[in-house]
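Participant: Protein chains in written order, with the UniProt record's numbering: chain A, 1 to 707; chain B, 1 to 707.
For each residue, glycine too, the CB sits at the ideal point set by N, CA and C.
Provided herewith is a single structure, encoded as structure tokens, for subsequent inquiry.
There are 2 protein chains.
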Amino acid sequence: MDLNALLTSAGINIGISVALISLYSILRKQPCNLSVYFGRKIASERVRRLDPLCFDRFVPSPSWIVKAWETSEEEIMFIGGMDALVFLRILVFSIRIFSIAAIICLFLVLPVNYYGKEMPHKQIPTASLEVFSIGNVKEGSKWFWAHCLALYVISFSACILLYFEYKSISKMRLGHIIESTPKPSQFTVLVRGIPRLSGKSYSDTLTKFFANYYASSYLSHQMVYRSGTVLKLMSDTEKMIKSGCCGGSVNAFKILSSEETVKENVKEIARFADLGVASRYNECPAAFVFFKTRYAAFIVSQVLQSSNPRLWVTKLAPEKNDLLWSNLCLPYRQLWLRKIAILIAAIVFMFVFLIPVTVVQGLTQLEQLAQALPFLRGFLNKKFINQLVTGYLPSVILMLFLYTVPPTMMLFSTVEGYVSHSGRKKSACLKVLCFNIWNVFFVNVLSGSIINQLNAFSSVRDIPAILARAVPTQASFFMTYVLTSGWASLSCELIQIFPLFCNMVKKFILRIKEDSPNNLTFPYHTEVPRVLVFGLLGFTCSIMAPLILPFLLIYFILGNLVYRNQILHVYESKYDTGGQYWPVVHNATIFSLVLTQIIALGVFGIKRSPVAFGFTIPLVILTLLFNEYCRQRFYPTFKQIAAQVLIEMDRRDEICGRMEEIFQQLHSAYCQFALTSPDSCKAGNINEGDHKIQDPEAINPCVKLET
Amino acid sequence: MDLNALLTSAGINIGISVALISLYSILRKQPCNLSVYFGRKIASERVRRLDPLCFDRFVPSPSWIVKAWETSEEEIMFIGGMDALVFLRILVFSIRIFSIAAIICLFLVLPVNYYGKEMPHKQIPTASLEVFSIGNVKEGSKWFWAHCLALYVISFSACILLYFEYKSISKMRLGHIIESTPKPSQFTVLVRGIPRLSGKSYSDTLTKFFANYYASSYLSHQMVYRSGTVLKLMSDTEKMIKSGCCGGSVNAFKILSSEETVKENVKEIARFADLGVASRYNECPAAFVFFKTRYAAFIVSQVLQSSNPRLWVTKLAPEKNDLLWSNLCLPYRQLWLRKIAILIAAIVFMFVFLIPVTVVQGLTQLEQLAQALPFLRGFLNKKFINQLVTGYLPSVILMLFLYTVPPTMMLFSTVEGYVSHSGRKKSACLKVLCFNIWNVFFVNVLSGSIINQLNAFSSVRDIPAILARAVPTQASFFMTYVLTSGWASLSCELIQIFPLFCNMVKKFILRIKEDSPNNLTFPYHTEVPRVLVFGLLGFTCSIMAPLILPFLLIYFILGNLVYRNQILHVYESKYDTGGQYWPVVHNATIFSLVLTQIIALGVFGIKRSPVAFGFTIPLVILTLLFNEYCRQRFYPTFKQIAAQVLIEMDRRDEICGRMEEIFQQLHSAYCQFALTSPDSCKAGNINEGDHKIQDPEAINPCVKLET
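This is the structure:
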């Protein structure tokens with residue numbers, strides 16, 4: 001590939017992106033697409049309508065870019081939550097570090113690479129891209145100090161930026177916790193593995209245990225019921241009511257069953273539960289236990305309760321909206337087996353995934369394709385088709401296969417038994433990240449080089465050299481990957497192809513007029529790994545093939561605008577991990593840095609530059625030490641909340657006299673079923689239950705009360 | 001090596017061991033050796049004298065064996081503490097599992113090995129040992145099911161035994177905690193990283209913090225002082241007293257300074273500390289904080305106190321006797337760096353250790369030795385000397401070098417910054433264990449085989465095959481290792497050569513009559529790794545070369561008796577980890593099992609037995625799953641104590657009305673300096689301070705009060 005081709009490809013992709021973005025700026029102004037591009041607003045405000053047909057609606061405009069640019073961090077935090085802010089911080093961090101990298105690499109490393117071999121150069125536009133990579137510097141050259149210096153500058157800048165980001169995010173997290181309105185989840189502990197005592201319900205056992213050991217702080221509790229049995233109970237009640245009140249008259253029942261029967265029904269169920277008649281058989285060995293203070297709840301969640309570690313397992317409860325009810329009833333004893341099984345399954349998936357991709361990609365070798373499908377032979381012989389098939393098809397196939405990965409990983413995380421949406425999403429994010437690093441980076445690097453993939457890792461000591469040989473040659477692939485996959489993914493994200501298509505079908509084929517919000521939450525499990533993998537490509541290619549950096553910078557800047565816009569308008573924030581993604585980002589960045597340094601070691605070794613080699617070793621050690629320091633300094637605050645903070649928050653609420661109000665809310669905070677009866681859910685959360693959520697802010701009474 | 005030679009060697013070693021044991025049974029009856037062989041009794045009872053000169057004193061007798069055999073677990077627990085019991089349990093476990101292994105391997109595997117190749121055998125006594133190893137079974141033989149079956153039986157028995165041991169030890173640990181008399185350490189939290197506020201002493205800052213956040217449970221505290229400055233303070237006080245009371249008369253002071261001055265001195269220091277005149281400059285940012293209940297102390301120790309994780313770092317305090325005062329003043333911020341530095345140092349030590357050993361062992365190649373020291377040439381040409389030098393010298397040199405390892409590792413653990421003797425010893429134990437497994441097993445296995453040591457591990461996938469080739473050929477070396485190093489180490493342990501020698505010098509050269517106890521504590525950091533490495537040899541050789549098993553069994557049985565005797569008579573138990581060694585033992589045993597299975601995989605692969613190979617893979621997985629299960633089920637109780645247990649203990653003491661008494665003890669429990677003044681250490685622990693400990697049971701007031 002020569003520079004000309006690269007620039008052409010860049011031009012085409014820029015053209016496509018600009019076109020798609022302009023298309024977006026038109027589409028978003030159409031009232032029929034309101035639910036696609038303003039899902040969050042519909043969900044929260046319900047009423048907004050755009051102005052009627054006018055000329056302005058069909059002219060592309062950059063207004064959304066201005067709006068996205070101007071949005072402050074406070075607004076993002078308010079609208080998208082802590083996680084959205086952390087996600088945007090990844091982009092900002094990437095922009096900063098790759099600006100530094102671009103400056104030093106384009107002005108120092110690139111000339112060294114270009115003039116590395118004293119040979120007559122072709123005209124720059126037709127020069128092969130390899131001329132710009134480190135492969136062009138001759139062996140034993142004294143100019144490797146430039147690469148080493150650039151590596152030092154990049155590593156140090158990255159560490160300094162990472163340090164300040166970690167510091168500011170943990171400070172923000174703390175502030176977010178301190179300033180948040182009282183949430184039921186802060187006072188609630190999820191207890192699992194309640195022991196079964198003969199002749200006693202789980203509820204009784206639990207009451208006895210907590211009233212005995214935590215008499216001073218225990219408030220009440222809410223059992224978790226098996227949803228299957230409760231549904232049965234509900235239908236039983238329905239039948240009972242049917243035969244009781246309505247005396248066999250089916251018609252009468254049908255008329256009644258609109259509003260009042262449901263209420264009756266529900267009261268009956270509540271009465272059932274109260275009487276304990278049926279509950280004993282429907283209770284799971286899990287419950288939400290409410291405490292009088294945050295500190296008490298936190299203490300209970302941190303400490304081993306019983307000398308059998310698999311009984312009375314406690315952890316702080318997720319928020320109501322964050323709960324994955326279906327996993328709450330899983331027996332706690334199973335979880336470790338599930339975790340191991342899923343770990344193995346994920347690893348197997350990572351390797352097995354290669355097989356169909358390789359087979360299908362092999363088919364795109366034209367000869368095989370022509371052999372397999374002889375009738376295409378004439379068609380395939382055309383030059384344009386030929387180029388298209390060999391050039392684009394492999395990466396399109398890879399892309400299509402890659403789209404199956406996040407749902408699979410999400411499924412894995414569900415089976416693993418997470419009890420919160422946010423925890424499940426974070427776990428899926430980690431899995432997708434590992435998968436992408438393996439499949440986008442390593443598999444491409446190693447299959448591109450001469451060495452057989454599976455043999456590559458049998459020899460541990462040769463890995464740096466293998467990577468060092470492979471990465472510069474694969475740099476042109478990574479550049480096109482950034483151009484196509486990166487920029488295209490942003491345009492697709494903006495246009496929301498799939499929801500747009502669904503909306504079209506609904507509006508123009510099914511003729512449904514009403515705008516129902518689609519309740520999308522931000523797909524951290526696909527976007528965080530995507531951005532981090534581009535970061536990995538940027539670091540590893542920076543001193544090897546600096547030409548990638550400008551394209552990456554454009555990706556990150558555009559990404560920053562696009563994701564800001566999406567967070568503002570499209571996605572709802574129903575649940576939040578409180579910034580738990582940052583430690584993942586930090587570790588992934590350190591991994592990328594160390595990998596870069598190891599590859600540099602390999603390159604300096606191959607190119608016989610002992611000085612640069614020697615200077616890089618302390619850099620690896622310093623980077624690892626820095627990581628350990630951050631792990632000591634910041635990570636504990638992401639795992640635990642400091643006692644001091646919790647006690648202060650409790651005191652503040654006590655002084656404000658808000659405690660009574662909070663206790664009131666607690667009773668109804670974790671109602672499991674969609675009850676419309678105000679009797680059973682006292683504090684007025686009317687539309688509860690997962691499948692009835694329509695207004696996410698109406699669910700959390702605290703948000704409604706105080707924001 | 002043939003069977004004859006092995007049996008001769010065994011005979012010689014049995015002879016030596018019997019002789020040494022008989023010698024021991026005589027030596028222990030000599031009154032002059034009382035302090036060597038009855039150190040613990042001297043320390044605790046002080047008065048016992050053996051009967052005067054009689055004939056019986058010079059006749060070997062097995063009475064100590066009977067006594068050791070009859071000692072019950074309760075006695076061991078009472079005398080040696082939980083750790084001693086755990087250590088003996090390792091031996092009992094080893095006896096059990098290797099009895100099973102010996103039965104199945106000698107009666108099933110050994111005949112299969114011996115008749116493996118259909119070749120005319122020599123007479124059994126002159127047959128090479130290789131005939132008895134798995135190497136003798138021909139490729140593709142159908143008899144490998146026997147080895148596979150034996151492996152299954154051994155693995156399953158080991159897992160079942162491990163499970164019940166873990167269960168019973170965690171139960172014992174719990175019982176030990178519940179039934180123990182109230183200890184000050186249970187109510188005390190060691191706080192480090194107290195922040196420095198301008199114009200305030202650490203003590204004031206601490207009081208303010210705990211009185212604010214833990215008002216209901218905070219009792220008092222005791223600062224830690226820099227010992228250097230306090231020594232200076234003490235000498236200053238001495239001078240002051242000298243110039244004050246004694247008016248410049250040096251002689252008068254000298255007379256006075258026997259008893260009374262010391263008391264005065266100490267009162268003065270105590271007054272100094274009380275007045276806070278000097279204390280501000282001598283305080284470390286560390287303190288012991290006392291709480292009203294065990295539960296409160298435990299909670300404080302478990303929870304992150306401040307949102308800066310390196311301030312207010314809390315953990316449960318070790319017991320007074322267990323404290324390593326010198327490490328208490330280390331700044332907490334340094335510790336992570338120390339840990340990393342020591343980790344690197346230990347790894348470097350493991351590899352660098354090979355160099356002198358190889359060099360010196362190389363010298364024992366006779367030609368080089370004769371060249372280096374030409375005057376020895378005539379001497380070395382004699383056959384007996386030749387055999388001695390080539391046969392014994394290498395292993396003697398290895399042994400001598402190995403003796404330097406435990407002190408080095410102990411030094412490493414000290415530098416690492418452990419604040420308790422027991423924690424330091426456990427950490428040293430882990431280091432020595434890794435070192436021994438590496439140096440005794442892997443280095444010998446891999447240097448004995450053709451493959452170069454350093455290249456061996458560059459190829460990950462070939463490791464099973466390499467080990468499979470090497471282990472059977474090294475089996476004869478391991479057998480002689482068990483005979484010499486194992487049995488000899490037990491005899492040496494029994495005779496206590498070094499203390500005996502010191503005692504001889506003291507009694508017969510320096511002519512000191514008095515028996516002072518030598519205050520030895522059980523060297524877990526050398527003995528636990530030793531026993532575990534023999535276990536590793538037993539597992540890995542079991543199906544490869546079953547002849548090793550009888551020798552190992554003798555070692556474990558003898559070891560059980562010898563160590564029981566030593567715990568009863570020689571070693572004191574000044575401090576205790578409460579059974580924390582068992583998780584180490586469990587993990588090491590699982591490691592040995594999995595290594596055995598991997599080597600078996602390698603052997604079955606080389607010998608082309610796909611069925612046996614296929615059946616071994618699930619065994620590896622099952623073993624790892626079993627380990628994970630145990631980690632889930634038992635390990636948490638070794639890390640934390642359950643809240644339930646602590647609350648019950650607190651209630652029991654409250655009901656008994658013992659709380660006041662306990663609080664009284666707390667005030668004086670952690671006095672840092674050897675004070676003889678009853679004013680400053682109120683509860684009557686008169687002989688405090690590390691260098692003055694004479695009677696360990698007098699130190700812990702609770703033990704004295706209640707046992």
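The region 292–323 of chain A: which residues have C-beta closer than 7 Å to a C-beta of chain B, in chain order?
Facilitator: Listed in sequence order: Ile299, Gln302, Val303, Leu304, Gln305, Ser306, Ser307, Pro309 and Arg310.
Participant: Given 8 Å as the limit, is there contact between the region 592–610 of chain A and the region 466–484 of chain A, that is, 3 or more CB pairs closer than that?
Facilitator: Judged by Cβ distances under 8 Å, the region 592–610 of chain A makes contact with the region 466–484 of chain A, as three or more pairs qualify.
Participant: In three-state DSSP terms, what is Thr188(A)?
Facilitator: Here Thr188(A) sits in strand by DSSP.
Participant: By how many angstroms is the C-alpha of His569(B) removed from the C-alpha of Asn13(B)?
Facilitator: Cα to Cα, the separation comes out at about 26 Å.
Participant: On the criterion of 16 or more Cβ atoms from any shown chain inside 10 Å, does Glu514(B) qualify as buried, or is it exposed?
Facilitator: Under this definition Glu514(B) is an exposed residue.
Participant: Taking the alpha-carbon of Ser63(A) as reference, which of Ile26(A), Arg40(A), Asn33(A) and Ser128(A) has the nearest alpha-carbon?
Facilitator: Checked all of Ile26(A), Arg40(A), Asn33(A) and Ser128(A); the closest Cα to Ser63(A) is Ile26(A).
Participant: Need the endpoints of the alpha helix (DSSP H) that Glu179(B) sits in, please.
Facilitator: Run containing Glu179(B): Phe144 to Glu179, per the alpha helix (DSSP H) assignment.
Participant: Identify the contact partners of Arg633(B) in chain A, using a Cβ-Cβ distance below 7 Å as the criterion.
Facilitator: Ordered by position in chain A, the residues that pass the 7 Å Cβ test against Arg633(B) are Pro309 and Arg310.
Participant: Would you say Tyr332(A) and Val303(A) are within 9 Å of each other, going by their C-beta atoms?
Facilitator: Result no, Cβ atoms of Tyr332(A) and Val303(A) do not sit closer than 9 Å.
Participant: Should Gly276(B) be flagged as near chain A, meaning a C-beta pair shorter than 9 Å?
Facilitator: The pLDDT assigned to Gly276(B) is 48, lower than 50, so where the model puts this residue is not dependable; a value taken from the coordinates is nonetheless given after this. False, the Cβ-Cβ gap to chain A never drops below 9 Å.
Participant: So that I know if they touch, is there some Cβ in chain A lying closer than 9 Å to that of Thr589(B)?
Facilitator: No, its Cβ sits nowhere closer than 9 Å to a Cβ of chain A.
Participant: Using a Cβ-Cβ cut-off of 9 Å, state whether Glu660(A) counts as contacting chain B.
Facilitator: Glu660(A) does not count as touching chain B.
Participant: Quick one: what's got a C-beta closer than 8 Å to Glu628(B)'s C-beta in the same chain, skipping five residues either side?
Facilitator: The answer is none, since no qualifying residue turns up.
Participant: Considering only DSSP beta bridges, list what Ala286(A) is partnered with.
Facilitator: The partner list for Ala286(A) (beta bridge, DSSP) reads Arg192(A).
Participant: Just checking: is the beta-carbon of Ser170(B) within a distance shorter than 9 Å of some beta-carbon in chain A?
Facilitator: Closer than 9 Å: yes.
Participant: State the DSSP-derived secondary structure class of Lys513(B), mapped to helix, strand or coil.
Facilitator: Coil, per DSSP.
Participant: Is the shortest distance between the beta-carbon of Gln334(B) and the beta-carbons of chain A less than 9 Å?
Facilitator: Not an interface residue.
Participant: Among the candidates Lys607(A), Tyr575(A) and Ser128(A), whose CA atom is the shortest distance from the CA of Gly80(A)?
Facilitator: Taking only the C-alpha atoms, the option nearest Gly80(A) is Tyr575(A).
Participant: Please state whether DSSP places Ser220(A) in a helix, a strand or coil.
Facilitator: If DSSP states are grouped into helix, strand and coil, Ser220(A) belongs with the strands.
Participant: Look up Glu139(A) in the DSSP assignment and say whether it is helix, strand or coil.
Facilitator: Residue state, collapsed to three classes: coil.
Participant: Name the DSSP bridge partner or partners of Val313(B)?
Facilitator: Looking at the DSSP assignment, Val313(B) forms a beta bridge with Arg192(B).
Participant: Anything in the region 173–207 of chain A with a Cβ closer than 8 Å to a Cβ of chain B? List those residues in chain order, please.
Facilitator: Flagged, chain order: Leu174.
Participant: In whole angstroms, give me the CA-to-CA distance for Phe556(A) and Leu91(A).
Facilitator: Rounded to the nearest angstrom, the two C-alpha atoms are 6 Å apart.
Participant: Is it buried or exposed, Leu162(B), if we count other Cβ atoms within 10 angstroms and call 16 or more buried?
Facilitator: Its Cβ being crowded by 16 or more others within 10 Å, Leu162(B) is buried.
Participant: When you compare the CB of Leu337(A) with every CB in chain B, is at least one pair closer than 9 Å?
Facilitator: At least one chain B Cβ lies under 9 Å of Leu337(A).
Participant: For Pro318(B), which option in Arg40(B), Phe107(B), Thr188(B) and Tyr581(B) has the closest C-alpha, if you only look at C-alpha atoms?
Facilitator: Answer by Cα proximity: Thr188(B).
Participant: Is it a yes or a no for the region 100–115 of chain A touching the region 435–449 of chain A, going by three-plus beta-carbon pairs under 8 Å?
Facilitator: Touching, no.
Participant: Are there three or more Cβ pairs, one per stretch, closer than 8 Å when the region 402–419 of chain B is compared with the region 319–328 of chain B?
Facilitator: Touching, yes, given that three or more Cβ pairs across the two stretches are closer than 8 Å.
Participant: Tell me whether Lys292(B) is buried or exposed, calling it buried when 16 or more other Cβ atoms sit within 10 Å of its Cβ.
Facilitator: Label assigned to Lys292(B): buried.
Participant: Helix, strand or coil for Leu330(A) per DSSP?
Facilitator: Looking at Leu330(A) - three-state DSSP - the assignment turns out to be coil, as it is neither helix nor strand.
Participant: Distance check for Ile397(B) and Phe477(B), CA to CA, integer angstroms please.
Facilitator: Cα-Cα distance, rounded: 15 Å.
Participant: So, Gly193(A) versus Ala345(A), is the Cβ gap smaller than 9 Å?
Facilitator: No. Outside cutoff.
Participant: Taking 8 Å as the line, does the beta carbon of Ile344(B) fall inside it for any heavy atom of the ligand HEM?
Facilitator: Among the components modelled here there is no ligand, and therefore nothing to report on the ligand HEM.
Participant: Apart from the five residues on each side of it in sequence, which residues of its chain come closer than 8 Å, Cβ to Cβ, to Val645(A)?
Facilitator: So the list reads Leu174, Ile177 and Ile178, once near-sequence residues are dropped.
Participant: Determine the DSSP secondary structure at Glu319(A), reduced to helix, strand or coil.
Facilitator: Glu319(A): coil per DSSP, three-state reduction.
Participant: Is Tyr225(A) helix, strand or coil when you go by DSSP?
Facilitator: Correct three-state label for Tyr225(A): strand.
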